[in-house]
Each structure stands twice: as structure tokens, then as C-alpha cells.
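Asks:
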Amino acid sequence: MLVDRSRFNQEAELPYELRCLDFEAAMQDVYDFFHDVNRFLTRKGLGRLEDTLRKAILSGVLSDMLTASLASHSRSLVENGHHNGHPDLVVKGVYPDDSVKSGFEGVEIKTTLKRGGAVDTHGARDQWFCVFVYQIDRETEPASERKPLRFSEAYLAEVTTHDFRRNERSPLGTRTATLHADGVKKLRAGWVYLDPGDPEEEGS
27 MLVDRSRFNQ EAELPYELRC LDFEAAMQDV YDFFHDVNRF LTRKGLGRLE
77 DTLRKAILSG VLSDMLTASL ASHSRSLVEN GHHNGHPDLV VKGVYPDDSV
127 KSGFEGVEIK TTLKRGGAVD THGARDQWFC VFVYQIDRET EPASERKPLR
177 FSEAYLAEVT THDFRRNERS PLGTRTATLH ADGVKKLRAG WVYLDPGDPE
227 EEGS
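The working numbering applies: residue 27 is where the sequence shown begins, and numbers increase by one.
1. Identify whether E227 lies in helix, strand or coil by the three-state DSSP scheme.
2. Are the stretch 130-147 and the stretch 102-117 in contact at 8 Å, needing three or more beta carbon pairs?
3. On a CA-only basis, which of D189, G216, R201 is nearest A207? Give me that one, please.
4. Assuming contact is defined by CB atoms lying nearer than 8 Å, are R151 and H99 in contact in what I supplied?
5. Decide if F34 is buried, meaning its Cβ has at least 16 other Cβ atoms within 10 Å, or exposed.
6. Would you call the stretch 137-147 in contact with the stretch 34-52, where contact means no fewer than 3 C-beta pairs closer than 8 Å?
7. Which residues in the same chain have their Cβ closer than 6 Å to the Cβ of D30, if we skip the five residues on either side of it in sequence?
8. Can the beta-carbon of L182 be found less than 8 Å from the beta-carbon of G216?
9. Are the beta-carbon atoms belonging to A203 and G129 less than 8 Å from one another?
10. In chain order, what residues of the same chain have a beta carbon less than 6 Å from the beta carbon of K127, not counting five sequence neighbours either side?
11. Taking only three categories from DSSP, how would you classify F177?
12. Based on Cα-Cα distance, which residue from V87, T68, V185 lies nearest to A169?
13. Opposite V185 in the DSSP bridges: which residues?
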């Protein structure tokens with residue numbers, strides 16, 4: 027699968043010298059990885075990676091992959107060297123050893139299956155917030171005919187703590203935050219990539 031270049035917003039104002047080309051390359055890296063891994067798995071009679079992993083784990087894997095790929099392709103961003111540090115990508119040379127527990131200069135990366143990009147986070151922050159929306163086909167039978175994982179949306183916008191609503195604690199005691207309606211509107215205004223797919227796919 028190839029990323030559709032015509033779906034990028036060439037007028038998008040991206041921070042930290044990011045380019046649509048960086049997003050394209052990062053997304054293509056993910057496509058190539060899944061293609062190679064799934065070809066190996068299916069030849070062994072095993073299920074595709076995206077059919078095997080739980081949704082939360084898959085989203086985490088995709089976020090990590092996109093973070094690493096964007097870091098490798100961008101001009102000024104690198105991976106945050108602090109374990110679980112924020113943001114995921116930091117501006118090279120701003121923080122000692124490019125490592126910070128909680129910083130601002132950089133971009134936080136999230137992935138979700140939710141159209142429109144409204145994704146839960148571990149807390150409301152002032153940040154450059156990037157969300158990739160992906161689609162997976164788990165319904166088509168036989169499984170060998172399923173469409174590969176694809177990205178349908180990508181957004182990047184500067185948001186503040188006032189753009190979030192705090193959610194009730196989960197049964198495990200975790201409290202999350204999600205962009206409220208106006209926050210989501212701000213995020214969507216910063217669209218970088220939109221490829222909703224064909225009408226038949228949209229209705230599935």
C-alpha cells in the first residue's frame with residue numbers, strides 16, 4: 027500500500043519545520059512494516075498482526091512507530107529520551123540529552139480508531155498535539171481477503187489545558203482527559219491528511 031500524496035493539506039502550517047513529506051514517509055514506514063510482517067505471518071499460517079493485537083496495544087505500537095519514523099525524517103525533532111516523557115518528540119538541543127520528563131517544545135503523538143481524532147490522554151496539557159486515525163478490516167471473510175491497515179486522518183494543532191475535559195476515573199483509578207467539542211474543532215482545523223476511503227468502506 028502506498029500513501030496517497032494528493033490527500034495531504036499542502037497549506038497546513040506545521041511547527042518545528044515539519045513537512046507533509048515527513049508525515050508521508052512515516053506513514054509509509056508503517057505500511058511497509060505491516061506488509062512485510064503480515065506476509066511472513068500468513069505464510070506460516072498465522073493471523074495478521076493487526077488481527078492479533080488488542081486495540082490498545084496496537085494503538086501504542088503505532089504511536090511508537092510513528093514517533094520513531096517522524097524523528098528519523100524530520101529536520102529538527104528527535105525522540106524524547108526520557109522513559110514515558112512528554113512530549114514524544116522534542117526539539118533537538120533544547121533539553122539536556124534531548125530528554126525531559128515534562129516539556130513543551132515538541133510534539134505529542136497519538137493514534138486512534140475514532141474518526142475525528144478525539145482520543146483519551148493521561149492529562150490535559152499545553153502542547154502541540156498530533157493524532158493519526160487508522161482503520162483496520164477485521165470483518166472480511168476469508169481473512170486472506172482483508173484490506174491492510176490504513177491511515178485515514180492525521181491532525182496537528184497547538185492546544186491548551188482549556189481545550190480538554192477531564193473524564194471520570196476508570197475502574198482501575200486512572201483519570202484521563204479528552205479534547206472537548208471546541209478542542210476537537212481546533213484539532214480538526216489543523217488537518218494534515220484526510221483520506222476517508224470509498225463510500226462502501228465508509229458504511230462498513
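Ideal placement from N, C-alpha and C gives every residue a C-beta, glycine not left out. Computed from a predicted structure; not experimentally measured.
Replies: Taking the structure as given:
1. Low confidence applies to E227: its pLDDT is 42, below 50, so where it sits in the model is not reliable, and the reading given next is rough at best. DSSP, read as helix, strand or coil, puts E227 in helix.
2. The way I'd put it, the stretch 130-147 does touch the stretch 102-117; three or more beta-carbon pairs between them come closer than 8 Å.
3. For the residues D189, G216, R201, the minimum Cα distance to A207 belongs to D189.
4. No, these two residues do not count as a Cβ contact at 8 Å.
5. By the 10 Å Cβ count, F34 comes out buried.
6. No contact exists between the stretch 137-147 and the stretch 34-52.
7. If we look at D30 and ignore the five residues flanking it on each side, its Cβ neighbours are D221.
8. Yes, the pair counts as a contact, with Cβ atoms nearer than the cut-off.
9. No, these two residues do not count as a Cβ contact at 8 Å.
10. So the list reads H108, G111, once near-sequence residues are dropped.
11. Residue state, collapsed to three classes: strand.
12. Minimum Cα distance to A169 is reached at T68.
13. V185 pairs with Q153.
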